[in-house]
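In numbering that gives the first Met the number 0, the protein residues as written are 0 to 164. Some notes on the structure that comes next.
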Amino acid sequence: MFSDAFSPEGFIVRQCACDDVPYAKVNVAYAGCGAIAVYNLCRMLGVPADWEGIKSALEQSVLRGGKWGTSPVGVRRWLSGHGVAVARAYRPKKAEKLAEGSDAGILLYIHKGGAHYVAFKNEGGLLHFYNVGPSHPEETLTLEKFIKNNSSFPFVYLFTVKAGL
């Protein structure tokens with residue numbers, strides 16, 4: 000049930016509980032991590048976070064009917080179209096520097112089973128990641144450690160935000 004997907008603070012942290020929520024030709028449990036990351040980032044920034052609106056808009060940018068998830072270009076366009084200015088990085092070392100100076104962001108990384116988006120909030124040098132996976136829906140650590148623990152490819156796509164931008 001979708002209500003089981005939320006943390007007590009209102010972030011979506013259990014994507015696996017969203018198998019009854021349609022997303023393009025699949026469901027949110029299968030391919031909705033991009034929409035979840037945008038929703039969580041908006042909540043962190045105080046930007047109005049309308050789940051249905053975010054999901055509906057990002058469904059327009061899915062790849063292969065949703066089987067390959069949400070396009071990073073679609074995520075960037077949604078953010079910039081809603082007044083969220085972002086900086087971007089593609090390599091882990093640059094991403095680490097950007098993340099250190101950010102308030103929050105979204106990370107897209109590649110793992111053994113595919114690719115995954117997570118939103119994060121900077122908590123004084125450590126990043127609090129949301130919707131990491133079924134066994135650990137949230138975790139707090141450095142970006143370097145997160146990438147080492149979760150990514151299987153030396154490429155990431157990071158969007159970072161400073162509050163008030």
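We put the CB at the ideal spot given by N, CA and C, even for glycine. Computed from a prediction, not measured in an experiment: that's the story for all the values here.
{"Asked": "Please work out which residues of its chain come closer than 7 Å, Cβ to Cβ, to Arg42, disregarding the five sequence neighbours upstream and downstream, and give them in chain order.", "Found": "Gly9, Phe10, Ala48"}
{"Asked": "Do the CB positions of Leu157 and Thr141 come within less than 8 Å of each other?", "Found": "no"}
{"Asked": "The alpha helix (DSSP H) that contains Pro71, what's its start and end?", "Found": "71-80"}
{"Asked": "Mind reading off the beta-carbon distance from Val61 to Arg75? Whole number of angstroms is fine, and I expect it under 8 Å.", "Found": "That pair is no contact at about 15 Å."}
{"Asked": "Candidates Gly100, Glu99, Val117, Ala98: which alpha carbon is nearest Leu107's?", "Found": "Val117"}
{"Asked": "Pick out whichever of Ala16, Gly82, Leu78, Ile105 has its Cα sitting closest to the Cα of Ala88.", "Found": "Ile105"}
{"Asked": "Gly68 to Thr139, Cα distance in whole Å?", "Found": "25 Å"}
{"Asked": "Determine the extent of the beta strand (DSSP E) in which Glu95 is found, giving its start and end residues.", "Found": "Glu95 -> not in any beta strand (DSSP E); alpha helix (DSSP H) instead, spanning 91-99."}
{"Asked": "What residue range does the beta strand (DSSP E) around Arg42 cover?", "Found": "From DSSP, Arg42 is part of no beta strand (DSSP E) but of the alpha helix (DSSP H) over 32-44."}
{"Asked": "Check this for me: beta carbons of Gly65 and Val25, under 8 Å apart or not?", "Found": "yes"}
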